[in-house]
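In this note's numbering, the protein residues as written are 21 to 253. Just so you know, even glycine gets a beta-carbon here, dropped at the ideal spot from N, CA and C. The structure displayed is predicted, hence computed values, not measured ones. First up is the structure itself, then whatever we jot down about it.
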């Protein structure tokens, strides 16, 4: 009888400890959003317009095809201070490729042209959820991010290297979003960067010329929406 009582107390204590650990762990959230754009013969949506070659609208007036691919993923780890407040750390990876034509005055004709973009960044954010008790919730999420970027331009017919740019910048953003609770641990998320301000500099290789830039941007386009999942751990 004494052994059974001891075993019962041990199991009860273990269950209580595991419950406390689970309760503590439930404040941590891991998640991420994904955005993918594929376009053909349309005006590409410029991402921030960081690089000199992409500050203007990119389009093709020729009869040849143009293609634009853009992939962006933002993984993050967050901690819920309360049901309404969450602090988080976020990564940011973007890969882009544009294929079109550029007019060559020597050839007196359009020649194939390609631009590749790579960006990597990290930052922190603060999220305020207006109605956390509902399955469908709306939030605002201000944050600060630091990003490194690289862009390379080439004429594909001759393998000629036109230009290569490197940039780094800070971005302050105010995002809007919504979540939908699927279960106690999983929820869907959709977010878009509504307002942002960035400041930084770029360098053209191999000339080594530096130039500062800044930009204020509002973005409510559907193409800017990132979709993803969050998991309570």
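For residue 114, the pairing in a beta bridge is given by DSSP as 92, 139. In the structure shown, the three-state DSSP call for residue 211 is strand.
Annotation: residue 238 to residue 46 spans about 34 Å, alpha carbon to alpha carbon. Straight across, the Cα-Cα distance linking residue 130 with residue 120 is about 9 Å. Along the length of the stretch 145 to 197, whole beta strand (DSSP E) runs at least 3 residues long occupy 156 to 175, reported in chain order. When DSSP states are grouped into helix, strand and coil, residue 97 belongs to the strand group. In this structure residue 249 touches residue 206 by the C-beta definition: roughly 6 Å separates them, less than 8 Å.
In its chain, beyond the 5 residues on either side, 89 have a beta carbon closer than 7 Å to the beta carbon of residue 58. In the three-state scheme derived from DSSP, where H, G and I count as helix and E and B as strand, residue 244 is classed as helix.
For residue 253, there is no enclosing beta strand (DSSP E), as DSSP marks it with neither H nor E. Short of 6 Å from the beta carbon of residue 98, and not among the five residues preceding or following it, lie these beta carbons of its own chain, in chain order: 49, 106, 108.
About 5 Å separates the beta carbon of residue 225 from that of residue 184, a gap short enough to meet the 8 Å contact definition.
Spanning the alpha carbons of residue 152 and residue 233 requires a straight line of approximately 39 Å.
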